[in-house]
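Numbering (this note's numbering), first residue to last: 1019 to 1132.
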């Protein structure tokens, strides 16, 4: 049930780095922390899942909800992930077609900038 959350601004993008397990117990905290960023006007988010070791359907639901919220506010949400178990959850659910998933933070930050 351990979870770590940190954030850093990169220009107009905000990176929220998550680590540990995102499940029914920790998902409400993830939702709260992402909502804090969105309500503060930071709607161009990169959620770094590199250090996430487990993601269940509750955590997935939080990410889908925040993606919809950022889009309705004219923003975007990109993910960074490399863990096969975590990426498999996106593939099985078809959400790998909905989310932009990048292999590293640099490519996620560079995406969408011209």
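Where a beta carbon is used, it is the ideal one built from N, C-alpha and C, also for glycine.
In whole angstroms, what separates the C-alpha of residue i from that of residue j?
| i | j | result |
| --- | --- | --- |
| residue 1087 | residue 1108 | 19 angstroms |
| residue 1028 | residue 1111 | 30 angstroms |
| residue 1100 | residue 1044 | 21 angstroms |
| residue 1038 | residue 1126 | 21 angstroms |
| residue 1084 | residue 1068 | 18 angstroms |
| residue 1021 | residue 1036 | 7 angstroms |
Would you please state the rounded distance, in angstroms, between the beta carbons of residue i and residue j? I believe it to be under 8 angstroms.
| i | j | result |
| --- | --- | --- |
| residue 1097 | residue 1119 | 5 angstroms |
| residue 1073 | residue 1040 | 5 angstroms |
| residue 1064 | residue 1031 | 6 angstroms |
Tell me residue i's beta-bridge partners as DSSP assigns them.
| i | result |
| --- | --- |
| residue 1038 | 1021 and 1070 |
| residue 1065 | 1034 and 1097 |
| residue 1027 | 1032 |
| residue 1118 | 1096 |
Within 10 angstroms of its Cβ, does residue i collect 16 or more other Cβ (buried), or is it exposed?
| i | result |
| --- | --- |
| residue 1132 | A caution first: residue 1132 carries a pLDDT of 43, below 50, which makes its placement in the model unreliable, though a value can still be read off. Under this definition residue 1132 is an exposed residue. |
| residue 1091 | exposed |
| residue 1026 | exposed |
| residue 1042 | exposed |
Do residue j and residue i come within 9 angstroms of each other at the CB atom, strictly closer than that value?
| i | j | result |
| --- | --- | --- |
| residue 1103 | residue 1095 | no |
| residue 1123 | residue 1033 | yes |
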